[in-house]
Amino acid sequence: MTAAQYQDSSASRLGMAALRGAASYIVPLGVIAVIWQIASLFFPPFLFPSLVDVFWRFISIVTDWSQFVDVLATVLRILAGLAGAFLIGALLAVLMARSRLAHDFLSPALTLFQGIPALSWVVFAIIWFHGIESRIFFIMVMTTLPAFSFQVLGALQGMSRDLTEMVMSFRPSRAKLFTAMIIPAILPDILTAWKVNLGNASRVVVVAELVGATGGVGYQLLQQQQVFDMAGALAWTLQLVVFVLVVQAILTLIEKIAFRYRAVSERAL
Amino acid sequence: MTTNDIEKTAISLEKVSKVFGKAGAGAFTAVDTLDLQVAQGQMLALLGKTGCGKSTIFNMIAGLTEPTKGSVTVDGHDPFRQFDAFRGKMAIVFQGDRLLPWRTAIENVELGLEILGKSNDERRAIAERWLETLGLRGHENDYPHALSGGMRQRVSIARAFATNEPFSALDEMTARKLRAEFVKLVKENGKTAVFITHSINEALEIGDRIVVLKRPANIAIDVLLTPEAKAEKQEVIRGQIQSVLAA
């Protein structure tokens, strides 16, 4: 086999793998959609609305600014909460990595936080805070903070000692050590942490918005529930799902660009 | 000939001990009251069995480990306490290539120059020159995973020499040809170098001084290898080293 033939067969194998990957998502979703659509023929719309109705409700939310602003509010709450949790979590992780005392104190506290249900944080937030936005921000931060802290800590502790010693042998400044070694070394884990926490945050934000918010996807879901509008509930839920998918796609794109240095084996998992 | 003949000391270890772990049963003495001086421009081969403390000495000279007792000085300064003072003055070629996987070959060579604050153009020109010297022209933009083991080791040598520091330290290197290139570059650039090995042949071939260590790191044999000594007494020295290593 010539090199050109080998490359062609490699490309076709990769193409087939991509098709199989796409099919593995599309086929199950398609099956569920078909079952739902059939059910909509036999049940009332408040139980199983037609997917066509759901689609048009979805479009109407996206195209109507007065409704879309609620989606944006939720998106901003998710991003603000994640950013806050990431910054605080990264700071705590650095403290834990540098000091045994800090680690021994913070690690059990964060583990404890991890065990507290999101709904409990909602109750605490209502008691402790007056403003709606501060309540939601607090809930978002507290529910995603432990995961960010432990994931960044794991990344810092997993850094190659050999590579760190090599960089240190050139006597870098703290800033240079950070940009040349620490950030590139922990970036893969940070992006994974964002991907994982994004899903968690999108679930928690709805719960947080149910309590006192006057806008947002959670608030709108509450409205749909009160009028038994299943098509509306699905359309609003899909807004969040699409947001998560878009951000996940952006993070994947960043990974592809930032980690192009990685060798890819054809036998890789 | 002994180290008493040395005129100007570049690296000095005086009564240096290194103990790992807390005092008591768990403590491990890696280096025990070691005295060692390395002359400027000298190529010292540090020889000893695995676990005799060679790497600990190497790390103390590099300023990566602090001695428990005694003093280590390089060019009159403490490499651990005055860590930043050695920026651009000391480079290490490690046993493994230790290339940063997220940097291309040329970006790896530029690392030390970046830390020294050289301009983009200057460091690019220096890095290109060193990669060319080591036969890596055309591979500047390859990531480490795309390079062979030998090429990666050459990049690591280029990275060490690019900053033009007067002291070099070489951890065990397996490729004979690369060792020869390293020695040539050290001599051509008038550097003081310490290299670690557990091969007698390698020490005799490269070093102009051999120090054989016994566990915990202390000097068993210290011999200067002049060209005459290499020609006339090589087998005698080899026998002495073998008897120490066999003990």
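Protein chains in written order, with the working numbering: chain A, 1053 to 1321; chain B, -5 to 241. For every residue, glycine included, the Cβ atom is placed at its ideal position computed from N, Cα and C.
- Does A:M1233 get closer than 9 Å to chain B when you measure Cβ to Cβ? Your numbering for residue 1233 of chain A matches position 181 in the first sequence. Cβ-Cβ to chain B under 9 Å: yes for A:M1233.
- Query: For B:K63, which three-state DSSP category applies?
  - Reply: Position 69 of the second sequence, counted from the start, is the residue given in the question as residue 63 of chain B. Looking at B:K63 - three-state DSSP - the assignment turns out to be strand.
- Task: Kindly provide the ranges of any alpha helix (DSSP H) runs that are 4 or more residues long and lie completely inside the region 197 to 226 of chain B, ordered along the chain.
- Result: 221 to 226
- Message: Tell me which residues of the region 87 to 107 of chain B have at least one Cβ-Cβ distance to chain A shorter than 7 Å, keeping chain order.
- Response: Those residues of the region 87 to 107 of chain B that come within reach of chain A (Cβ to Cβ, closer than 7 Å) are F88, G90, R92, L94, P95, W96, L105 and G106.
- For the 8 Å Cβ check, are there 3 or more pairs between the region 1128 to 1148 of chain A and the region 1182 to 1201 of chain A? The region 1128 to 1148 of chain A is in contact with the region 1182 to 1201 of chain A.
- Query: Under a Cβ-count criterion, where at least 16 other Cβ atoms within 10 Å of its own Cβ denotes burial, should B:N183 be classed as buried or exposed?
  - Reply: Mapped onto the second sequence, residue 183 of chain B falls at position 189. Per the 10 Å Cβ criterion, exposed.
- Message: Does B:D29 come out as helix, strand or coil in the three-state DSSP assignment?
- Response: By 1-based counting over the second sequence, the position of residue 29 of chain B is 35. Strand.
- Query: Would A:A1091 count as contacting chain B if we go by Cβ distances under 9 Å?
  - Reply: Residue mapping note: residue 1091 of chain A aligns to position 39 of the first sequence, counting from 1. It does not; no Cβ of chain B falls within 9 Å.
- Might you give, ordered along the chain, the residues of its own chain that have their beta carbon closer than 7 Å to the beta carbon of B:G201, omitting 5 neighbours on each side? To locate residue 201 of chain B, count along the second sequence from 1; it is residue 207. So the list reads M37, L38, A39 and L219, once near-sequence residues are dropped.
- Near B:I0, what residues of its chain come up, given a Cβ to Cβ distance below 7 Å and the 5 sequence neighbours on each side ignored? Taking the first residue of the second sequence as 1, we reach residue 0 of chain B at position 6. Because B:I0 carries a pLDDT of 44, less than 50, the predicted location of this residue cannot be relied on, and the following value inherits that uncertainty. Q31 and A33.
- If you follow the alpha helix (DSSP H) that A:T1304 is part of, which residue opens it and which one closes it? Translated into positions along the first sequence, residue 1304 of chain A becomes position 252. Following the DSSP letters along the chain, one finds A:T1304 inside the alpha helix (DSSP H) bounded by residues M1282 to A1310.
- Item | chain B within 9 Å of A:S1118, Cβ atoms only | By one-based count along the first sequence, residue 1118 of chain A stands at place 66. It does not; no Cβ of chain B falls within 9 Å.
- Message: I'd like the list of long-range same chain contacts for A:E1261, defined as Cβ closer than 6 Å, with 5 residues on each side in sequence excluded.
- Response: Translated into positions along the first sequence, residue 1261 of chain A becomes position 209. G1268, G1270 and Y1271.
- Query: Any idea if A:A1055 is buried or exposed, counting beta-carbon neighbours within 10 angstroms, 16 or more meaning buried?
  - Reply: Here residue 1055 of chain A corresponds to residue number 3 of the first sequence, with the count starting at 1. Since pLDDT at A:A1055 reaches only 49, below the 50 mark, its modelled position is unreliable, and the value read off the structure follows with that caveat. By the neighbour-count rule (16 or more Cβ atoms within 10 Å), A:A1055 is not buried but exposed.
- So, A:V1258 versus A:L1273, is the Cβ gap smaller than 9 Å? Position 206 of the first sequence holds residue 1258 of chain A. Position 221 of the first sequence holds residue 1273 of chain A. In this structure, A:L1273 lies closer than 9 Å to A:V1258 by Cβ.
- Query: Taking the C-alpha atoms as reference points, what is the distance between A:A1149 and A:E1217?
  - Reply: Here residue 1149 of chain A refers to the residue found at position 97 when the first sequence is read from its first residue. Here residue 1217 of chain A refers to the residue found at position 165 when the first sequence is read from its first residue. Approximately 17 Å between the Cα atoms of the pair.
- Message: When you compare the region 1096 to 1113 of chain A with the region 1277 to 1291 of chain A, are there three or more beta-carbon pairs, one atom per stretch, that lie closer than 8 Å?
- Response: yes
- Taking only beta-carbon positions, decide if A:A1315 is within less than 9 Å of chain B. The residue given as residue 1315 of chain A occupies position 263 in the first sequence. Yes, A:A1315 counts as interfacial toward chain B.
- Message: If the criterion is Cβ atoms closer than 9 Å, does the pair B:M84 and B:V68 meet it?
- Response: Residue numbering aside, residue 84 of chain B sits at position 90 when the second sequence is read from its first letter. Residue numbering aside, residue 68 of chain B sits at position 74 when the second sequence is read from its first letter. In this structure, B:V68 lies closer than 9 Å to B:M84 by Cβ.
- Message: Residues of chain A with CB closer than 7 Å to the CB of B:A223, please, in chain order.
- Response: As a working mapping, residue 223 of chain B is identified with position 229 in the second sequence. Going along chain A, no residue has its Cβ under 7 Å from B:A223, so there is no contact; the nearest lies around 32 Å.
- Message: Using 9 Å as the threshold, is the C-beta distance between B:E199 and B:L128 below it?
- Response: As a working note, residue 199 of chain B is residue 205 in the second sequence. As a working note, residue 128 of chain B is residue 134 in the second sequence. No, these two residues do not count as a Cβ contact at 9 Å.
- Backbone secondary structure at B:A39 - three-state DSSP: Your numbering for residue 39 of chain B matches position 45 in the second sequence. Of the three classes helix, strand and coil, the one that applies to B:A39 here is strand, per DSSP.
- Task: From the DSSP output, read off the bridge partner residues of B:F22.
- Result: The count along the second sequence starts at 1 and reaches residue 22 of chain B at position 28. Answer is B:F14.
- Task: Whole angstroms is fine: what's the gap from B:F77's alpha carbon to B:A197's?
- Result: Indexing the second sequence from 1 puts residue 77 of chain B at position 83. Indexing the second sequence from 1 puts residue 197 of chain B at position 203. Rounded to the nearest angstrom, the two C-alpha atoms are 29 Å apart.
- Query: Measuring CB to CB, does B:A24 end up less than 9 Å from B:T44?
  - Reply: As a working note, residue 24 of chain B is residue 30 in the second sequence. As a working note, residue 44 of chain B is residue 50 in the second sequence. It is not a contact, given that the beta carbons lie outside the stated cut-off.
- Are there three or more Cβ pairs, one per stretch, closer than 8 Å when the region 121 to 136 of chain B is compared with the region 90 to 100 of chain B? yes
- Message: Using the three-state DSSP reduction, which class does B:E126 fall into: helix, strand or coil?
- Response: For the purposes of this step, residue 126 of chain B is taken as residue 132 along the second sequence, with counting starting at 1. B:E126: helix per DSSP, three-state reduction.
- Would DSSP call B:E134 helix, strand or coil? By one-based count along the second sequence, residue 134 of chain B stands at place 140. Three-state DSSP puts B:E134 in coil, outside helix and strand.
- In chain A, which residues lie with their C-beta within 8 Å of the C-beta of B:H139? Start at 1 with the first residue of the second sequence, and residue 139 of chain B comes out as number 145. Residues of chain A passing the Cβ test: Y1313, R1314 and A1315.
- Message: Which residues of the region 1199 to 1230 of chain A have a Cβ closer than 8 Å to any Cβ of chain B? Give them in chain order.
- Response: D1214, L1215, E1217, M1218, V1219, M1220, S1221, F1222, R1223, P1224, S1225 and K1228
- Query: If you draw a straight line from the alpha carbon of A:V1263 to that of A:A1074, how long is it in whole angstroms?
  - Reply: Here residue 1263 of chain A corresponds to residue number 211 of the first sequence, with the count starting at 1. Here residue 1074 of chain A corresponds to residue number 22 of the first sequence, with the count starting at 1. A:V1263 and A:A1074: Cα-Cα distance of roughly 38 Å.
- Alpha carbon to alpha carbon, how far is B:T(-3) from B:V217? Walking along the second sequence from the start, residue -3 of chain B turns up at place 3. Walking along the second sequence from the start, residue 217 of chain B turns up at place 223. Note on B:T(-3): pLDDT 41, under 50, position unreliable in the model; the coordinate value appears next. Distance between the alpha carbons of B:T(-3) and B:V217: 8 Å.
- Around the C-beta of B:S150, are 16 or more other C-beta atoms found within 10 angstroms, so that it is buried, or is it exposed? On the second sequence, position 156 is the one that residue 150 of chain B refers to. Buried: at least 16 other Cβ atoms inside 10 Å.
- Could you list which residues in chain A have their beta carbon closer than 8 Å to that of B:A56, in chain order? The residue labelled residue 56 of chain B in the question sits at position 62 within the second sequence. Going along chain A in sequence order, the residues near B:A56 (Cβ under 8 Å) are S1221.
- Measure the C-alpha to C-alpha separation of B:F14 and A:P1160 and round it to an integer number of angstroms. To locate residue 14 of chain B, count along the second sequence from 1; it is residue 20. To locate residue 1160 of chain A, count along the first sequence from 1; it is residue 108. Distance between the alpha carbons of B:F14 and A:P1160 is about 29 Å.
- Item | alpha helix (DSSP H) runs wholly inside the region 1150 to 1225 of chain A, at least 4 long, in chain order | Secondary structure in the region 1150 to 1225 of chain A: the alpha helix (DSSP H) runs of 4 residues or longer, each lying completely within the stretch, are 1152 to 1166, 1170 to 1180, 1184 to 1209 and 1213 to 1220 in chain order.
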